[in-house]
Amino acid sequence: MHMGILLAGILLSIGLELVLPFIPLSWHRTRLYIAVMAVITLIGSAFLLLARGVSVDSVLLILLVPYRCLNIYRSIRARMHARYLQKVTLRTSVWLISAQAVLGLALVLGHYVHISVGPALIVLGALQIAGALYALRHLRQYVLRAKVRSDSTQIYTRPTVSVLIPARNETDSLEQCLQAVVASDYPKLEILVLDDCSQTPRTPEIIRSFAHDGVRFIQNDEPNDVWLSKNQAYHKLAAVSSGEVLLFLGVDVRVRPDTISRLVRRLVGENYEMLSVMPYVNKPAHQLGLIQPLRYFIELCLPPQLLGSPAVLSTCWAIRREALQRLGGFEAVRRQVIPEAYFARQLSGSDE
Numbered sequence: 006m007h008m009g010i011l012l013a014g015i016l017l018s019i020g021l022e023l024v025l026p027f028i029p030l031s032w033h034r035t036r037l038y039i040a041v042m043a044v045i046t047l048i049g050s051a052f053l054l055l056a057r058g059v060s061v062d063s064v065l066l067i068l069l070v071p072y073r074c075l076n077i078y079r080s081i082r083a084r085m086h087a088r089y090l091q092k093v094t095l096r097t098s099v100w101l102i103s104a105q106a107v108l109g110l111a112l113v114l115g116h117y118v119h120i121s122v123g124p125a126l127i128v129l130g131a132l133q134i135a136g137a138l139y140a141l142r143h144l145r146q147y148v149l150r151a152k153v154r155s156d157s158t159q160i161y162t163r164p165t166v167s168v169l170i171p172a173r174n175e176t177d178s179l180e181q182c183l184q185a186v187v188a189s190d191y192p193k194l195e196i197l198v199l200d201d202c203s204q205t206p207r208t209p210e211i212i213r214s215f216a217h218d219g220v221r222f223i224q225n226d227e228p229n230d231v232w233l234s235k236n237q238a239y240h241k242l243a244a245v246s247s248g249e250v251l252l253f254l255g256v257d258v259r260v261r262p263d264t265i266s267r268l269v270r271r272l273v274g275e276n277y278e279m280l281s282v283m284p285y286v287n288k289p290a291h292q293l294g295l296i297q298p299l300r301y302f303i304e305l306c307l308p309p310q311l312l313g314s315p316a317v318l319s320t321c322w323a324i325r326r327e328a329l330q331r332l333g334g335f336e337a338v339r340r341q342v343i344p345e346a347y348f349a350r351q352l353s354g355s356d357e
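For the sequence shown, our numbering gives the first residue as 6, with consecutive numbering after it.
Put into structure tokens, the structure is as follows:
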């Protein structure tokens, strides 16, 4: 009986998740109902699976549940172009569901075919320890390489810096970000904030309230099939800015008064063309969630050979305008999910 309910719940969650990408974005309420039903059946199936007993296969099977929930949430949040969002979420769903199907098959075979998992667990544990030690070694190398040598480096040229902030449906976070940026001690600063087609009037109101501090309001156009929304926002900001150095900030970043000065000092002093900064996360551990720490781990603990580019984060990165133009600008990465990784990869040959 329980097995039948479990199977029905799994099949229902799969069906709902695969249908969701095909529901028009304008059907907000319908999409929300389907997403909630999919998440409820998915989590319910996970609890039923745990009730049948804990095993390696069942735990691995359940570990994929949060990723499926995140994929459903991404589909509901709809921060990409509709056609691209459909393609990405559907592809992710197929991969995650396929992985769970393989683990589910292993669980069923393990139930009917009794195989000793002791040696396998020992090998798996040894591989995990080896992987952790390798990641720790690579992280140490990154920290030593990125360590600031001296903040007293004298620079004789101060390039103009354009701080470029794309924002969409933001509230207090954007206001706090701008308060921090306008308090910067860097003398040659330009601040531009782009309203990326917000659905509420609060975002443009916040931006315009900083006009007396020199913050420029930029209105983005609706993205077309050629561009990802974020990349189009970057392209628009870069096109209307005038700085020699372009500093892209996320609205969650809070800079100190000397942050931009120190960043420019490092960029000029080390003769870099691009620089990415990992902001200090000032949140309790229970508020960090899963995605951001996982992204930090991937960027810092895995070698660039596996990732295809040096560590780079979209929350805070700077690039010289000349280097950006030389690499084709954002038109070269219209559909790339992490455009800054492309520029880092192209510039990494000269260790920049």
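Ideal placement from N, C-alpha and C gives every residue a C-beta, glycine not left out.
Note on geometry: alpha-carbon atoms of Ser-246 and Ser-167 lie some 6 Å from one another. Residue range 321-325 is occupied by the beta strand (DSSP E) that includes Ala-323.
Counting other Cβ atoms within 10 Å of its Cβ, Val-342 stays below 16 and is therefore classed as exposed. Annotated three-state conformation of Gln-184 is helix, per DSSP. Here Ile-67 carries a helix assignment [DSSP, helix/strand/coil]. When secondary structure is reduced to three states using DSSP, Met-283 falls in the coil class, being assigned neither helix nor strand.
With respect to the 8 Å criterion, Pro-284 and Asp-190 are not classified as neighbours on the basis of their beta carbons.
Contact annotation: Leu-233 and Leu-169 have beta-carbon atoms that are not nearer than 8 Å.
Nearest to Thr-176 by alpha-carbon distance, out of Thr-165, Ile-196, Cys-202, Ile-211, is Ile-211. With a threshold of 16 other beta carbon atoms within 10 Å, Gln-105 meets it and is buried.
Taken atom to atom, the span from the alpha-carbon of Gln-330 to that of His-240 is near 11 Å. The straight-line gap separating the alpha-carbon atoms of Asn-229 and Arg-340 is approximately 11 Å. Each of Pro-26, Glu-22, Ser-319, Cys-182 was checked against the Cα of Ala-43, and the nearest Cα belongs to Glu-22. DSSP places Phe-222 inside the beta strand (DSSP E), whose first and last residues are 220-224. If you draw a 10 Å sphere on the C-beta of Trp-322, you find 16 or more other C-beta atoms in it, and that means buried. According to the DSSP assignment, Glu-195 belongs to the beta strand (DSSP E) that extends over 194-200.
Asn-174 and Phe-52 have their C-alpha atoms some 35 Å from each other.
For the pair Val-258 and Cys-182, the Cα-to-Cα distance works out to about 6 Å. Straight-line spacing of the CA atoms in Glu-345 and Ile-45 works out to 36 Å. Here the alpha carbon of Thr-205 sits roughly 28 Å from the alpha carbon of Leu-318. By the Cβ-count criterion, Phe-253 is buried, with 16 or more other Cβ atoms from all chains shown falling within 10 Å of its own Cβ. DSSP places Ile-170 in the uninterrupted beta strand (DSSP E) bounded by 166-172. Closest in C-alpha terms to Lys-193, from the list Glu-249, Pro-209, Leu-332, Val-256, comes Glu-249. Pairing Met-279 with Ala-349 gives a Cβ-Cβ distance under 8 Å. In this structure, Glu-180 lies away from Cys-202, with their beta-carbon atoms at least 8 Å apart. The C-alpha of Leu-199 is placed about 14 Å away from the C-alpha of Ser-214.
Excluding the 5 residues flanking it on each side, Ser-18 has same chain C-beta neighbours closer than 7 Å at Ala-43, Thr-46, Leu-47, Ser-50, in chain order.
Around Val-260, the same chain offers Ala-185, Val-186, Ser-189 as residues with beta carbons nearer than 7 Å, after the five sequence neighbours per side are excluded. Ile-102 has its alpha-carbon roughly 18 Å from the corresponding atom of Ile-81.
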